[in-house]
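S.K.: The following block contains the structure, expressed as structure tokens.
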Amino acid sequence: KQEVTQIPAALSVPEGENLVLNCSFTDSAIYNLQWFRQDPGKGLTSLLLIQSSQREQTSGRLNASLDKSSGRSTLYIAASQPGDSATYLCAVGHTSGTYKYIFGTGTRLKVLA
Amino acid sequence: DGGITQSPKYLFRKEGQNVTLSCEQNLNHDAMYWYRQDPGQGLRLIYYSQIVNDFQKGDIAEGYSVSREKKESFPLTVTSAQKNPTAFYLCATRQGYEQYFGPGTRLTVT
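Here the protein sequences line up with chains A and B, keeping their order.
Taking our numbering, the leading residue of the first sequence gets 1, the next gets one more, and so forth.
Taking our numbering, the leading residue of the second sequence gets 1, the next gets one more, and so forth.
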């Protein structure tokens with residue numbers, strides 16, 4: 001059974017720091033991995049989608065990498081800003097053909113001004 | 001204005017009552033999903049539908065029911081059989097491998 005873990009659960013950093021959020025999964029047979037941002041009381045906003053054949057994706061200050069063999073993905077945020085404060089979740093898509101996704105519990109990020 | 005709408009944003013019900021959460025989309029996506037989110041936990045899949053008139057149980061379907069009579073709509077009914085219905089409910093669609101989420105409905109049952 002696929003399990004997805006995100007460590008740390010919470011992170012507090014000063015503005016301007018570069019930071020890395022981690023997502024680990026137990027079964028490497030995945031279709032894709034998607035990173036989301038969630039603000040308090042809101043829905044999820046898609047940040048980056050990495051297909052299983054890709055190694056990384058970039059959007060602005062965000063870079064996500066995927067290493068299927070080690071069961072890991074990282075989300076790199078460059079030059080963090082207070083507006084980046086949110087919970088970041090990763091979701092792994094199965095290869096079973098059912099298009100089901102397993103979510104991690106998220107990393108709650110606070111960027112201090 | 002394309003997107004996913006969930007209504008209402010907040011919903012309050014008495015224990016023992018069934019309640020239906022609305023999810024509407026105008027993205028023309030075939031697949032739709034319902035998730036439940038509890039504090040400190042990740043999203044858990046309740047039901048999903050790959051196409052109209054077809055749906056499958058997710059990991060925590062007990063106490064819930066759905067219908068998919070139209071491509072645009074995927075309502076979720078929380079029945080009185082659901083033991084702990086108070087939660088944040090999120091509806092999503094899928095295009096290719098990418099998921100898109102609605103704003104969510106917070107259900108409180110007392």
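All C-beta atoms in this analysis are idealised placements derived from N, C-alpha and C, irrespective of residue type, glycine included.
Give me the residue from B:Thr108, B:Leu76, B:Thr86, B:Thr5 with the minimum Cα distance to Leu44 (chain A).
M.R.: Comparing Cα positions, the closest option is B:Thr5.
S.K.: Using a beta-carbon distance cut-off of less than 9 Å, what residues from the segment 30–64 of chain B approach chain A?
M.R.: Per Cβ criterion, the list reads Ala31, Tyr33, Tyr35, Gln37, Gly40, Gln41, Gly42, Leu43, Arg44, Leu45, Tyr48, Gln50, Gln56, Gly58, Asp59.
S.K.: Name the chain A residues that come within less than 8 Å of Tyr100 (chain B), Cβ to Cβ?
M.R.: By Cβ distance, chain A contributes Ser46.
S.K.: Trp35 (chain A) and Leu47 (chain A) - do their beta-carbons sit closer together than 8 Å?
M.R.: Their beta carbons are under 8 Å apart, which means Leu47 (chain A) touches Trp35 (chain A) by this criterion.
S.K.: In whole angstroms, what separates the C-alpha of Arg76 (chain B) from that of Ala79 (chain A)?
M.R.: First, the residue type needs correcting, since residue 76 (chain B) is Leu and not Arg in the sequence shown. One C-alpha to the other measures close to 41 Å.
S.K.: Are the CB atoms of Asp54 (chain B) and Leu45 (chain B) nearer to each other than 8 Å?
M.R.: Result no, Cβ atoms of Asp54 (chain B) and Leu45 (chain B) do not sit closer than 8 Å.
S.K.: Rounded to whole angstroms, what is the Cα-Cα separation between Tyr76 (chain A) and Phe103 (chain A)?
M.R.: Distance between the alpha carbons of Tyr76 (chain A) and Phe103 (chain A): 19 Å.
S.K.: Do you know whose CA, among A:Gln2, A:Tyr101, A:Pro40, A:Gln57, lies nearest Leu109 (chain A)'s CA?
M.R.: Comparing Cα-Cα distances from Leu109 (chain A) to each of A:Gln2, A:Tyr101, A:Pro40, A:Gln57, the minimum goes to A:Pro40.
S.K.: To the nearest angstrom, how far is the alpha carbon of Arg68 (chain A) from that of Gly16 (chain B)?
M.R.: The question names Arg, but residue 68 (chain A) is Lys in the sequence shown. Going from the Cα of Lys68 (chain A) to the Cα of Gly16 (chain B) covers about 46 Å.
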